[in-house]
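In the working numbering, the protein residues as written are 44 to 366. Heads up, the beta-carbon is just placed ideally off N, CA and C, and yes, glycines get one too. Given the structure is predicted, the values throughout are model-derived calculations rather than measurements. Here's the structure we're looking at; comments come further down.
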């Protein structure tokens with residue numbers, strides 16, 4: 044059996060940090076209010092000249108360096124983003140050009156905050172199907188560009204950044220002991236689209252629009268949906284929560300992360316949480332959290348790691364891999 048094994052990881056964050064106290068002169072809010080409801084203390088905001096493509100490129104270069112590979116070793120780029128540089132071409136193609144890569148193929152994937160989990164699963168299918176040998180899977184966002192900065196219920200939640208993995212097709216034995224991607228479960232339900240969406244687009248308003256969210260509705264559905272896909276992955280892999288080494292959830296809200304882990308029976312010490320540092324970076328959220336946990340030595344080769352995310356649409360998914 045072919046497994047998609049992680050060879051390298053990288054991340055990129057804009058240097059500008061916006062702390063909760065910086066919002067006090069922008070909207071009616073406070074550090075205490077934001078921390079109590081979300082767990083967020085700061086987020087990174089893209090500056091002039093920083094884009095989804097530039098952040099994605101930086102994360103990709105870091106991942107290639109981590110893997111000990113050159114751009115020419117890559118034959119597939121999948122970029123998860125909801126904030127592309129242009130309506131077209133795909134921002135993945137722009138990153139391909141920035142890396143100096145003239146071969147292979149590249150495309151964007153849009154599943155909002157679930158985008159990286161969707162993208163990693165998609166790249167895995169290409170590798171296992173023999174269409175590519177090595178892939179760059181990137182989650183990159185500049186959500187600050189689509190926020191309504193007068194809406195205190197949303198503008199305090201999001202940040203910018205990028206994370207990337209290099210994965211390679213390697214022959215495994217077909218057991219849970221294999222390194223690489225082991226199981227995945229993806230879901231969506233369009234009847235919830237108005238609970239978290241952007242009120243613009245090329246085919247409707249001809250504008251980019253701003254992010255709109257019914258926060259209570261999102262919270263109400265999140266824990267149940269997350270549990271649904273995680274339990275499906277557990278069943279597929281023949282494991283339980285106690286077998287995990289690490290749980291790396293989408294970093295949207297500390298209360299959602301805690302409630303999901305508790306319902307799934309995942310010990311708090313196994314949960315990677317970076318929402319306090321990055322806020323919600325949508326498709327960049329999971330790879331950024333992964334990057335932090337790998338850099339500080341928590342996640343090591345051979346560890347069993349569960350990824351999970353939920354985003355607008357709604358979309359949601361979970362993915363199990365052995366590092």
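Cβ pair residue i, residue j closer than 7 Å
| i | j | result |
| --- | --- | --- |
| residue 82 | residue 319 | yes |
| residue 280 | residue 224 | no |
| residue 206 | residue 125 | no |
| residue 383 | residue 259 | Absent from the model: residue 383. The displayed extent of the chain is 44 to 366, so no value can be given. |
| residue 266 | residue 302 | yes |
| residue 105 | residue 53 | yes |
| residue 389 | residue 213 | This structure cannot speak to residue 389, because the chain is shown only from 44 to 366. |
| residue 272 | residue 361 | yes |
| residue 342 | residue 289 | yes |
| residue 292 | residue 237 | no |
| residue 114 | residue 144 | yes |
| residue 365 | residue 141 | no |
| residue 249 | residue 87 | no |
| residue 116 | residue 147 | no |
Cβ-based neighbour list, residue i, same chain, cut-off 7 Å, excluding 5 preceding and 5 following
| i | result |
| --- | --- |
| residue 287 | 309, 313, 347 and 349 |
| residue 139 | 120 and 149 |
| residue 306 | 266 and 270 |
| residue 242 | 252, 253 and 255 |
| residue 233 | 356 |
| residue 137 | 96 and 128 |
Three-state class that DSSP yields for residue i in the structure shown
| i | result |
| --- | --- |
| residue 364 | strand |
| residue 225 | strand |
| residue 108 | helix |
| residue 141 | helix |
| residue 193 | coil |
| residue 179 | strand |
| residue 236 | helix |
| residue 330 | helix |
| residue 113 | coil |
| residue 44 | coil |
| residue 207 | strand |
| residue 54 | strand |
| residue 343 | coil |
| residue 174 | coil |
| residue 220 | coil |
| residue 311 | helix |
| residue 95 | helix |
| residue 231 | strand |
| residue 164 | helix |
| residue 281 | coil |
Cut-off 6 Å between Cβ atoms - residues of its own chain near residue i, not counting five sequence neighbours on either side
| i | result |
| --- | --- |
| residue 326 | 123, 124, 158, 159, 182 and 184 |
| residue 235 | 357 |
| residue 93 | 57 |
| residue 317 | 294, 332 and 335 |
| residue 191 | 253 |
| residue 110 | 50, 51 and 209 |
| residue 296 | 81 |
| residue 44 | 215 and 217 |
| residue 211 | 48, 50 and 177 |
| residue 328 | 293 and 294 |
| residue 337 | 52 |
| residue 284 | 307, 308 and 309 |
Cβ neighbours of residue i in the same chain (closer than 8 Å, five flanking residues each side left out)
| i | result |
| --- | --- |
| residue 134 | 95, 96, 99, 122, 124, 127, 128, 151 and 183 |
| residue 196 | 256 and 258 |
| residue 62 | 74, 84 and 85 |
| residue 112 | 50, 51, 177 and 209 |
| residue 164 | 224, 227, 229, 360 and 362 |
| residue 108 | 51 and 53 |
| residue 344 | 222 and 366 |
| residue 268 | 230, 353, 357 and 359 |
| residue 60 | 85, 86, 87 and 88 |
CB-CB length for residue i against residue j, believed under 8 Å
| i | j | result |
| --- | --- | --- |
| residue 176 | residue 170 | 7 Å |
| residue 202 | residue 324 | 5 Å |
| residue 299 | residue 199 | Residue 299 to residue 199, Cβ: 16 Å. No contact. |
| residue 55 | residue 101 | 4 Å |
* Please determine if the region 177-193 and the region 158-165 are in contact, where contact requires at least 3 C-beta pairs separated by less than 8 Å. => yes
* **Cβ contact (3+ pairs, closer than 8 Å) linking the region 350-360 and the region 184-196** => Short answer: they don't touch.
* Asked: Using 8 Å as the Cβ pair cut-off and three pairs as the minimum, do the region 68-82 and the region 127-145 touch?
  -> no
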